[in-house]
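Protein chains in written order, with the working numbering: chain A, 1013 to 1587; chain B, 327 to 1253.
Cβ coordinates follow ideal geometry from the N, Cα and C atoms, glycine included.
Heads up: the structure comes next, in structure tokens.
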Amino acid sequence: MWAMFKQSLDELTSTTPKKEDPVKAQLLLMQLVSAETLGTTPKVEEAFLEGSCISKMIGSACLTGHHLILYSHSGDNAEHWILHKNVDAIDRRFGNDKCQITLKCKDFETYCLTVLSQEDATNIANSIEVLSSLDNINLQYPFFYKATNSLSESNLGSIEEDFLMISNVSDQWRISEVNNNFQICPTYPQRIIVPKSISDQMIFKSSEFRNLGRFPILSYCHHNGRVVMRCSQPQIGTNNRRCKEDEKLINVVLGSHHRGYIMDTRTQQIALQARSKGGGTETEFNYPQWKKIHHNLSRPSALYDSICKLVEVSRDKGCAVDKWRSRLESSNWLHHVKEVLTASCLVSQCLDKEGASVLIHCADGFDSTLQITSLTQIILNPECRTLRGFLNLVEKEWILYGHPFRERCARSVYSVGKASRDEGPTFLLFLDCVHQLQHQYPLSFEFDGSLLCQIARHTYASQFGTFLCNNELERFTSRVRSKTTSLWSHLLSDDVFPSYLNPVYQPRSDTIWPSVAPQSLMLWGELFTPFVDPSAVTRRCLRSNKLYLHELRSTINELSKEVSQLEEQEEKLKT
Amino acid sequence: MSMRRTFKLKVNQVLHRPQHHNSAASDHDDPLKDIKLAGAYEHVYQLSPSSEVDGLLLPGEITVGHAKEVISYVLHDENRRGTSGLLVCTNFRLMFVTDKPPYCNLIAVDNKLIGPQDVTLSNIETIYIEKQNGKRKKLYPTSRNIKDGIQKLEIHCKDFRILTYSFKLSVLGEGKNIVRAILHHSYPQDSSLSFAMEYISKKASKETSTKEASNISSKVVSLYRKVDDWEKLIMTSQAMKGRWRITSINETFSLSATMPGLFVVPSSLSDAFLKDAIHQYNNNRLPIWCYTHPNKCSLLRSSNFREESVQFQVDQKIRQEITKCDPSGRKIRMMDLNKMCPTLQQVQMSFHKLKTSCMPANEDEYMESDGKWYSTLQTIKWLQFVSCCLEVARTCVDHIDSGLGTVLLIETLGVDWTACISCLVQVLIDPTKRTIDGLSELIQREWIIGCHPFTTRLGILHQPKKSSKFQPESSTSDHPEVCKSPIFMVFLDCLYQILTQESTKVEYTSFFLTSLADGTRLPVFDTFIFNNERERNRTLQQLNQQRTTDIETISIWDWDVQYPHHVQQLFINPLYRCKRFHHLVATTTPPLGGNSIATNDDVTSPNTLDLTTTPKVEKLKSSKKSSTHHRSASDSTCLDTTTSSMTSSSTPHGHKRINSNSYEVPYQPPQGRSVFYCAGDERPDSGRSVANSRSSSTDNMAAEDDEAVVIGLVDQVNSRAPQVAERLRFVPNSANNNNDVIGCRDDDDVMQVKTGVQYLRFWKFAYLRWVSFSQLIGGGESPQVEQENKMADEIVQLASKIEHLEAQLCNGDTSVTSPPPRVDDVTVQFVSSYFPYLAISNKSANKSTLGRVYNFSRKKEGKSTTSASAPSPKIHHHHHHTEGKPPHRPAPLSPAQVAASSHHMVALSEQQQTSEGGTYNRLSSGV
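This is the structure:
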């Protein structure tokens, strides 16, 4: 029966979505699913849903192709939707009189669904299990989702805008089409900014020298003209290859008098060991103008272990009073936060204080490298601390330049079995670092913490297509950008973005230097322990104050108008 | 190589220094050389202490020693930079006088009593000296043989600050003299020797004629030394009427040294019986009344019944009578705090550990805690103790609030945890105790009048018999009567936790709490310098015997003595201020609109993948807008009637009433504040009577609104449509009060404090405020509070403007008084995370170095100070500053004195600036 189901699914994916419209496809999917797996249980009339962040709901549970929906019976028409994709693991506990299914979600929430019949429970659990692990991209919910509210034209990550900004500082750059059709690097966008004096041919050579073709490319241009570049490791290998074009490419960025830093986010030892596998790290001999820095940042799989422990601690409400903090510490998550922040500060310092350009890479150049490049920009560039600027940064650094979201976010903390090397919350760690900055500089960010939480949740399961796929090439072939709605356009739409604004935002033009002392780093309460986080209350109060201020102002306007009208009337009467 | 050369040259230019000095390391051991090279030797401070300092002294303060040309180092500065000036020791404080705060862009907040660089002698915990040979030695109060040649003086304060002075430049012997003076005066053995006695007697004689009406505010806080205050307390409560009475059997403190002069007991117990019974209790402390809930359950505290006593019937009788005070006759619940709370020694040990981990000597030590911070915090156990106290308080609150019966707190001595828990219970249960005045009165009543032995617990007096007292780690004196233990600090920390969890429900701020903590080390007030009321009375009597008129003591609640008005505003939590304000409006507008303010962001709040984001917000907003407008005119009229009838109605307990218009209420600190609790004293029923009494004059609808105003000021309870709020919010299983969930609705009188260690925050603002490494310029909570304050000010201002306009509209009268001017806000250029404590050093503000945070760059910074592109800030800045703007010593230095004096900022670099300006070398080795 399973085999049959799988087969029919494959058929479905191979035929439907390309030709037919999404609604039909969904119907088809639903029919198929209900026929084959739900058996007789697409809907259960009596079910209870409990969750750590919702109130207990009593109602009927309904299973669709993408959601488990619970309608409340209590008359207030409450509904709760759980996306199948969000389910990380399912626990079944079947008793005689009631059956409990615990849904452990990728956003760290857990829900407990109780139904009376064991048959229903088994059916529901099996269906969710299958539906939550659908791999086929065309069956993902974003391809079926139609936005109900008006969306804004996001236009983030536009290269022209970027280029315009850079041209204000330096005229050494041009837009190149060398990566058209992703010829030389599938994880870079098609149009890229490269140094003016470097020909496309040289870039091609350089990309051959770098792992996955990720040649050194501009990430950020500081107002003093110094730049941050990113790339992957050079393929020096055991026979000490070198690439003149690659050397030229990065030297030309420095100009004649300057020196720069190369930051390798691996230890020196690991970097050297990589040569046996064809990788390696730049030698001082071949790159005399560059100084090497090794700053060890953990690989995604290490982060994965860390966050599993962290979530286990933070969700453990029965934890012994005298153990909690040491368990928190042993999860090592805050240590990772500290390391990433320190590395980013280091790069910011090189740029801002030393006036030196920096080239950053790890092995592949799309994990810790991106953490550092993006955090550096947040520290240095006030523009990145605005709502739009931040989203633009995420789009530009993480989406366009190939952070493999599909692989990294395939599973979350609850899933059983060892994580593969490709899984790990790299992006979440970045968001946590932003949260630390935000916590330390509460006035400097235009958006507030809930935006970060929301983005974090959407990376794992979403109705938006933003975090689908590993890179631009995949998105291009699946036509993600044309067929799905972007999270950014949702977040920037007129009726959504005001709720993410920081009510006490005070734009400041300078850099924000974070403190990386352990005393200054906080557990991200809003994400990891949302049921206790007091910041939401404060924010609510602040925001209502802000609203109230607006109201007062408008009332004043109206009243003054009335007053002046009255005065005019009086004048008339007198005359 | 050539690059390095140029780099070095640039540094030399910056430092005005001949090149050869750069190469030899030994040259820089002599600080004088630096000064000469800096070309500023002439400016070295030449102040004559006798004449110049006098103007700075408080009444009664005498100079007892001084040293000239002392260098005061910048706290935790790697480059050992400092300012030179005059170090003066008086019988009150250690004072550092120079005409310019060193390396500061921002001065600490104005304190009328002590300057930002001063430290009171009672704040001094331990003194270390360093000899020329670099030997560091700890001094004890008994240390006698202090010899010449003291190079450095390091003072560790009780508020976790470390002060370092160097006598390198002073005349030989001055260092020794001042250290002797400090040592001699820092450890008084008798509270009659306290500076407060000198101060108040001298101040009284000076200022008898200049008593003004300016200090009305201080009179708001009842001190509970007079019967009136107590009467006010128990007469106003309907639940207490006739059941409890005030007794004055201990008025002369002859029966019990550790009981208040006046206290409240069940009315059925006769004085004769009490006089007899009092001796059957440990420490002679009877069960005394603390609080009565409107449901008639009460809270009492007492010491243990004497174990050796045979008169059990006494205890039984007292309990019976207490039970009778509750008309429903519910059983008393005994809470034995000896078992539930940590011991005094445990707290002291924990606090000591806390202190060690929060006072890093240098940055390396601070960074070493890296990765261990959380486990350190755990082994310190401080937060566990705080959690424990909150938990006990919560148990009591649950018991009382759910009407299960009266609670009696019991403890061996009845003066420590009973005070702490009883205060916490009242704060959690009673909204009126969450205002600043309410809280102040509560602390005054439970802690000060309740005879918490502050002198002993805070270690203010030195007990000569046991020199080991000054090593808290070996505080073997286990006897609770002489044990040093910062219970009061635990209490303040608990209040801080309440503040962080429910920031909108309490009026005080973190700054208020730290000010209280600091107040315990400021021996100007009579509040925290005695062990009990008897001691206070005797000391004052002795003092009065020598005089014709009685002198008047100053209480800490008289904040005017310490802070100017604008600083006192930092006490008031802006969120609370606004909240009150909203409520005022929210209750006078139709329910939907009223709720929309508070909750409409919930509609769009992060739900899991909410696909159905409908524009509800807009709807709510618009409905609100129109409703406010339409109702506003009629509201303003009924507000007026409220006002008139309120002022005319008799005020039973002499409190100020809403005197002008209701809009003004929240922003009149501190006078205006009284409104909240005076209205709160009367529970909704009496509020109704006020409204009903004149409902004939206005129509019914308006009367109801008025009532809402009156009550709404106090209790947010009266939100008319809680269901709406509930639906929009995630309200978890409302049945159980599980502390893990957001159980508190806004309209809930009783606070549901979460007590799990997970939910407690480390109180950085109190414990880490002197650690400059983690200072964030423009960051941290303080700037946010600043912003919130501004917002609150604006709201208040706009609202009063609306009021004004409405009045114009209604009366057609343009002669109505214009809205009051805006409250003067503190103008601050830079606010740091530790504002108003730690001044921002130029170093950080210039952003020329960041060594404090990143190990990597600090190593580099040691070498070259900064890269060639950024000029060294040290000496340059100093020159710039000495000329330009008028110097501002924050505290009491008069302009004339400032002009007379000059100062010099010394740049001492102990880390040699020699090694080849190898930024690049260091970079790689540093990582």
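From the options, residue whose alpha carbon lies closest to that of residue i
i: Phe711(B); options: Gly655(B), Leu735(B), Leu612(B) and Asp819(B); result: Asp819(B)
i: Cys1074(A); options: Lys1329(A), Ser1139(A), Glu1257(A) and Thr1567(A); result: Ser1139(A)
i: Gln752(B); options: Arg627(B), Trp883(B) and Asp602(B); result: Arg627(B)
i: Lys394(B); options: Asn621(B), Leu663(B), Ser496(B) and Pro385(B); result: Ser496(B)
i: Ala598(B); options: Leu670(B), Leu581(B), Glu557(B) and Leu625(B); result: Leu581(B)
i: Gly568(B); options: His891(B), Ser574(B), Ser766(B) and Glu557(B); result: Glu557(B)
i: Gly1330(A); options: Gly1082(B), Cys667(B), Leu465(B) and Glu1112(B); result: Gly1082(B)
i: Gly1104(B); options: Gln1112(A), Val1428(A) and Ile1524(A); result: Ile1524(A)
i: Thr758(B); options: Arg659(B), Ser1100(B) and Val832(B); result: Val832(B)
i: Thr490(B); options: Gly460(B), Val396(B), Ser629(B) and Ser635(B); result: Val396(B)
i: Tyr525(B); options: Asp756(B), Ile455(B) and Glu878(B); result: Glu878(B)
Counted within 10 angstroms of its Cβ, other Cβ atoms place residue i as buried (16 or more) or exposed
i: Glu1583(A); result: exposed
i: Asn857(B); result: buried
i: Phe1156(A); result: buried
i: Ser1209(A); result: exposed
i: Pro779(B); result: buried
i: Ser596(B); result: exposed
i: Leu1315(A); result: buried
i: Arg1493(A); result: exposed
i: Trp1345(A); result: buried
i: Gly381(B); result: exposed
i: Ser1576(A); result: exposed
Those residues which DSSP pairs with residue i across a bridge
i: Trp570(B); result: Pro592(B)
i: Phe1060(A); result: Ile1070(A) and Thr1126(A)
i: Trp1302(A); result: Gly1272(A)
i: Phe631(B); result: Tyr607(B)
i: Gln1195(A); result: None; Gln1195(A) has no bridge partner.
i: Met421(B); result: Val414(B)
i: Arg1186(A); result: Val1206(A)
i: His511(B); result: Bridge partners of His511(B): none, in fact.
i: Tyr454(B); result: Lys464(B) and Glu480(B)
Closer than 8 Å to chain A by CB, residue i
i: Pro1147(B); result: At Pro1147(B), the pLDDT of 48 sits below 50, so the modelled position is not reliable and the matter cannot be decided from this model.
i: Pro1109(B); result: yes
i: Lys1090(B); result: yes
i: Ile762(B); result: no
i: Thr826(B); result: yes
i: Leu901(B); result: yes
i: Trp883(B); result: no
i: Lys681(B); result: no
For residue i, the first and last residue of its enclosing alpha helix (DSSP H)
i: Ala598(B); result: Asp597 to Ala603
i: Gly1429(A); result: No alpha helix (DSSP H) contains Gly1429(A), which DSSP labels as neither H nor E.
N- and C-terminal bounds of the beta strand (DSSP E) containing residue i
i: Tyr1232(A); result: Ile1229 to Cys1233
is_contact[residue i, chain B] using C-beta, thresh 8 Å
i: Glu1574(A); result: yes
i: Leu1578(A); result: yes
i: Ile1524(A); result: yes
i: Trp1336(A); result: yes
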